[in-house]
Amino acid sequence: MSDPCLGDITAERRRLIQASELDIAETARFLASLPATRVASVAYRNQPNRPYLQPRGGFPSLAKQRELAVGLSRAGADFLPLTIDSHTRHNDYRTAAELLAAGLAADRDLLNGYPLVSHPVAATRALFADLAQPVSLRHGTPDARLLVEYALAAGITEIEGGGLCYTLPYARSYPLDRALAHWQYVDRLCATAGPPDRPIHRESFGPLTATLVPPVITVAVQLCELLLAAEQGVRSFAVSFSQTGSVEQDVALAQVLRDQAGRLLARFGFSDVRVSLVYHQWMGAFPTEPALAWQLIAISTAISRLIGADKLVVKTPDEASGIPSIDSNVAAVRAVRYVLAMFPGGCSVAGPLVEQERELIDSEVSHLMEQVLGQHPSSLLAAVHRSVLAGIIDVPFAPHEQNAGGLITDRGPDRRIRILEPGAVPLRSNDLQAERKLLGTRSGSDGQLWERLLHDVRILA
Amino acid sequence: VVLGVIGHDIHVVANRVLEIGLAENGFCPYNLGTNNELDDFVDAVLETGARAVLVGSLNGEGESACIGIGDRFAAADLAGVLRYAGGNLVVGDRPAAQVEQLFFGYGFHRVFHRPPSLLAVFDALRQDLA
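Line by line, the protein sequences are chains A and F.
Sequential numbering of the first sequence, starting at 1, is according to this note's numbering.
Sequential numbering of the second sequence, starting at 462, is according to this note's numbering.
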């Protein structure tokens, strides 16, 4: 499938950045001049025998962002985050700039992240100039074209996001087809902006709404975004997902995600794409009690080893109460390193439960992806777009108005996420039967579905 | 029953659970989802003939966004439509009684500030609509 949506990328880039301080050739020169340790795709090529660690974090001011970056770098983070504020995410650069200035004047943070487009490129470059780690852009932006232009100009070599994963969970009304087209721009940009032997790395955001998302939907979204990126020339890509709440389901999901990614890339002639696996520590409601939060962080660190993750995105014990402090983030990185050191040679789990789960997810994903790819529209982008509108891809609890919202999930007695009502998600009848059998019949004492859902949403809090 | 979340609030989980719970308890929910203004609730009642609206706010924007709801419904000749507010209605910690009085003043009939369960909402609806 070829896609006609995007024209000449260089012409599009010139048009987009003409009012800014950016310069295409200068960005390319700067990216080529970065030391190899700052390049995410090089890091993934030289994967050590443990997952890389990446915390989250972004502050509005240069001083505080610098303090965070230095603190995390010293604590042993392998990737440094740059998390963007929500005004910038929604392309409201003027409000972001105003709140940045007002916050600096009042000496308090009025933004929930770093307003990358509102800072001079040279200032963002200087934040990381003497640090040895790659920087990862974390946001949630349906139209990230200008934001990513700024990121690349500042030497950020890993770009998270995608047309599905940054739209369905993050926006209500941003039209999905436009978001997909803008992410096609980002993918092509990442494929062409850096030196060919050190490509810009792309990563999808598998947690989605992080609320009872069944594995089949997680995997399908990851595969769609992987293929969409590969089609635009991206050669270094990470698929990701977040802790489901069941160890067996995590292990099975990871296996299916890796296998299916490899198979699909080979089928479409993209075998030269390097795929890594990223695991997010629990993204649902966190316990407020620090003693419990630390246990959760330790267990998900262990699971990252069991699934063979290439990178682990780290949570903090502050998670339940708001944006984590620098100290808390630094403490979390140290704690996670401590747990990882207990698994020097990796580790694996197997058994009938994992195998049962793996077979079921694999069958569901194969069937769903055939429905997505078998639609024969003009392009992969159109096929993905149509699949969401038709409810074939349906993300539970997504606020987006084009998300079907017909899929209803629940947790089985063993805490694995199960499909109760598929909506328009295509499931073979034997797979749906298996889902319902594993969910089991609830007794009256378990209450109504809404009560169970509220309980499940807060299951580890 | 029309339900929705008011303001720029994108917290959708409780909204979705409430929709499912309403259906399970014999009501007919019409869910506006997130990002609504007062007029969206008025329009939805005009379109559907709903007998009650449940206005949710999870990020506290409700304090400013719900001002004048009673007048707005009266102006549309919908004064008799039942109006509930619920969620985490104001920013910061304030006594529940104080928050309730504030929202009664806006023109709500019942106020559920940080309710421990949705059961009380269903019971109240049953009683008020009987």
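In this text, a Cβ means the ideal position worked out from N, Cα and C, and glycines have one as well.
Sequence-distant residues of the same chain with beta carbon closer than 7 Å to A75 of chain A, five excluded per side: The beta carbon of A75 of chain A lies closer than 7 Å to those of V330, V333, R334 in the same chain, with the five residues before and after it left out.
Status (buried if at least 16 other CB within 10 Å, exposed otherwise) for Y338 of chain A: By the 10 Å Cβ count, Y338 of chain A comes out exposed.
Close-in-space but distant-in-sequence residues of the same chain around P4 of chain A (CB under 6 Å, 5 per side omitted): Note on P4 of chain A: pLDDT 48, under 50, position unreliable in the model; no value is reported.
T409 of chain A, buried or exposed, once every other Cβ within 10 Å from all chains shown has been counted against 16: By the beta-carbon neighbour count (other beta carbons within 10 angstroms, threshold 16), T409 of chain A is buried.
Cβ separation of R428 of chain A and S363 of chain A, assumed to be a contact under 8 Å, to the nearest whole Å: Their Cβ separation, rounded to whole angstroms, is 7 Å, which keeps R428 of chain A and S363 of chain A in contact under 8 Å.
Those runs of the beta strand (DSSP E) which lie wholly inside the stretch 24-69 of chain A and span at least 3 residues: Runs of the beta strand (DSSP E) inside the stretch 24-69 of chain A: 52-54.
Residues bridged to L82 of chain A [DSSP beta-bridge criterion]: The partner list for L82 of chain A (beta bridge, DSSP) reads A:L137.
Member of A:R14, A:R45, A:V349 whose CA lies at the smallest distance from the CA of L146 of chain A: Answer by Cα proximity: A:R14.
T10 of chain A classed as buried or exposed, judged by whether at least 16 other C-beta atoms fall within 10 angstroms: Residue environment analysis places T10 of chain A among the exposed positions, since fewer than 16 neighbouring C-beta atoms fall within 10 angstroms of its C-beta.
Where P399 of chain A meets chain F, residues with beta-carbon distance less than 8 Å: Those are I471, V473, G494, T495, N496, listed as they occur along chain F.
Range of the contiguous beta strand (DSSP E) that encloses I419 of chain A: Taken as a continuous stretch (DSSP letters only), the beta strand (DSSP E) holding I419 of chain A covers 417-421.
Assigned exposure category for L590 of chain F - 16 Cβ within 10 Å defines buried: Classification for L590 of chain F: exposed.
is_contact[R477 of chain F, chain A] using C-beta, thresh 8 Å: Answer yes: the Cβ-Cβ gap between R477 of chain F and chain A drops below 8 Å somewhere.
Closer than 8 Å to chain F by CB, R178 of chain A: For R178 of chain A, the answer is no, since every Cβ of chain F falls outside 8 Å of its Cβ.
Proximity to A154 of chain A [Cα-Cα], best of A:A129, A:R178, A:P175, A:Y170: With distances taken between Cα atoms, A154 of chain A lies closest to A:A129.
Cβ of L499 of chain F within 8 Å of any chain C Cβ: Going by chain labels, chain C is absent from the structure shown, which instead holds the protein chains A and F.
Contiguous alpha helix (DSSP H) assignments of at least 4 residues, all confined to the stretch 361-403 of chain A: Runs found: 380-389.
Contact set for E21 of chain A: own chain, Cβ-Cβ below 8 Å, skip 5 residues either direction: Its chain contains P120, V121 as the residues whose beta carbon lies nearer than 8 Å to that of E21 of chain A, once the 5 sequence neighbours on both sides are disregarded; these appear in chain order.
Check whether G103 of chain A and T83 of chain A have beta carbons under 8 Å apart: No, the Cβ-Cβ distance between G103 of chain A and T83 of chain A is not below 8 Å.
L453 of chain A at chain F interface by Cβ criterion, 8 Å: Interface residue, yes.
Helix, strand or coil at I481 of chain F [DSSP, three-state]: I481 of chain F falls in the helix class under three-state DSSP.
L53 of chain A to Q281 of chain A span [Cα, whole Å]: Going from the Cα of L53 of chain A to the Cα of Q281 of chain A covers about 11 Å.
K315 of chain A, DSSP secondary structure in three states: DSSP places K315 of chain A outside both helix and strand once states are collapsed to three, so it counts as coil.
Buried versus exposed call for N403 of chain A [16 or more other C-beta atoms within 10 Å across all chains shown]: Taking all protein chains in view, the Cβ of N403 of chain A is crowded by 16 or more other Cβ atoms within 10 Å, so the residue is classified as buried.
Pairwise C-alpha distance: E12 of chain A and A229 of chain A: Distance between the alpha carbons of A229 of chain A and E12 of chain A is about 18 Å.
Contact check, I307 of chain A vs A254 of chain A, beta carbons under 8 Å: For the 8 Å CB-CB criterion, I307 of chain A and A254 of chain A form a contact.
Member of F:G523, F:G482, F:A536, F:Y491 whose CA lies at the smallest distance from the CA of R452 of chain A: Selection F:G523, F:G482, F:A536, F:Y491 evaluated against R452 of chain A yields F:G482 as nearest (Cα-Cα).
8 Å Cβ cutoff, G482 of chain F in contact with chain A: Yes - at least one Cβ of chain A is within 8 Å of the one on G482 of chain F.
Beta-carbon spacing of G510 of chain F, Y567 of chain F below 8 Å: Between G510 of chain F and Y567 of chain F, the C-beta gap is not smaller than 8 Å, which leaves the two residues out of contact.
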